[in-house]
Amino acid sequence: MSDLPGPYQQFKKDYPELWQAYDRIGAAAAEAGPLEAKVRELIRLGMAAANKSETAVHSHTHRALEAGATQAEIEHAVLLGITTLGFPNMMMALTWCRAAIAAHKK
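Here the sequence shown is numbered in this note's numbering, starting from 4 and rising by one per residue.
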């Protein structure tokens with residue numbers, strides 16, 4: 004993946020075998036069940052939001068768009084966190100998603 008953030012690119016360069024193992028386990032997890040790519044990315048987006056990881060929210064928003072998700076679907080995935088994450092955390096993730104969507108459109 005060439006659009007990795009700088010620290011991830013450096014990690015990949017410094018530890019190529021570890022990166023390959025990480026990449027393989029991610030691919031294996033993706034293929035372990037019946038979920039289509041769009042659904043997988045929306046789930047990962049929700050997990051990234053719960054983890055308060057801005058970088059991961061941006062990444063999985065981008066990947067969800069690439070997998071065919073609409074802005075409404077992406078925002079819905081984040082809105083579902085309102086009772087689990089709390090309103091402020093949900094709003095934080097929603098703001099990150101909207102920024103990622105705007106950047107994706109450029």
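Just so you know, even glycine gets a beta-carbon here, dropped at the ideal spot from N, CA and C.
Item to check | Extent of the continuous alpha helix (DSSP H) run through residue 17 | outcome: Within the sequence shown, the letter at position 14 stands for residue 17. Counting along the chain, the alpha helix (DSSP H) containing residue 17 begins and ends at 9 to 17.
Checklist entry - For residue 56, which of helix, strand or coil comes out of DSSP? => result Numbered from 1 along the sequence shown, position 53 holds the residue referred to as residue 56. Residue 56 falls in the coil class under three-state DSSP.
Checklist entry - Would you call the CB atoms of residue 34 and residue 70 closer than 8 Å? => result Within the sequence shown, the letter at position 31 stands for residue 34. Within the sequence shown, the letter at position 67 stands for residue 70. No, the Cβ-Cβ distance between residue 34 and residue 70 is not below 8 Å.
Next on the checklist: Cutting at 8 Å between CB atoms, please list the residues of its own chain near residue 83, excluding the five before and the five after it.
Outcome noted: As a first step, residue 83 is located in the sequence shown; it is residue number 80 there, counting from the start. Here the set comprises 49.
Checklist entry - Any idea what DSSP makes of residue 68, helix, strand or coil? => result Along the sequence shown, one-based indexing puts residue 68 at 65. Of the three classes helix, strand and coil, the one that applies to residue 68 here is helix, per DSSP.
Checklist entry - Is the CB-CB distance between residue 103 and residue 65 below 8 Å? => result Numbered from 1 along the sequence shown, position 100 holds the residue referred to as residue 103. Numbered from 1 along the sequence shown, position 62 holds the residue referred to as residue 65. Yes, the pair counts as a contact, with Cβ atoms nearer than the cut-off.
Item to check | Outcome for residue 4 when other beta-carbon atoms lying within 10 angstroms are tallied against a minimum of 16 | outcome: Looking up residue 4 in the sequence shown gives position 1. In this prediction, residue 4 scores a pLDDT of 45, lower than 50, which makes its location untrustworthy; no coordinate-derived value is stated.
Checklist entry - So residue 109 is in the alpha helix (DSSP H); what residue range does that whole segment cover? => result As a first step, residue 109 must be located in the sequence shown, where it is residue number 106. Premise fails: residue 109 is in no alpha helix (DSSP H) and is neither H nor E.
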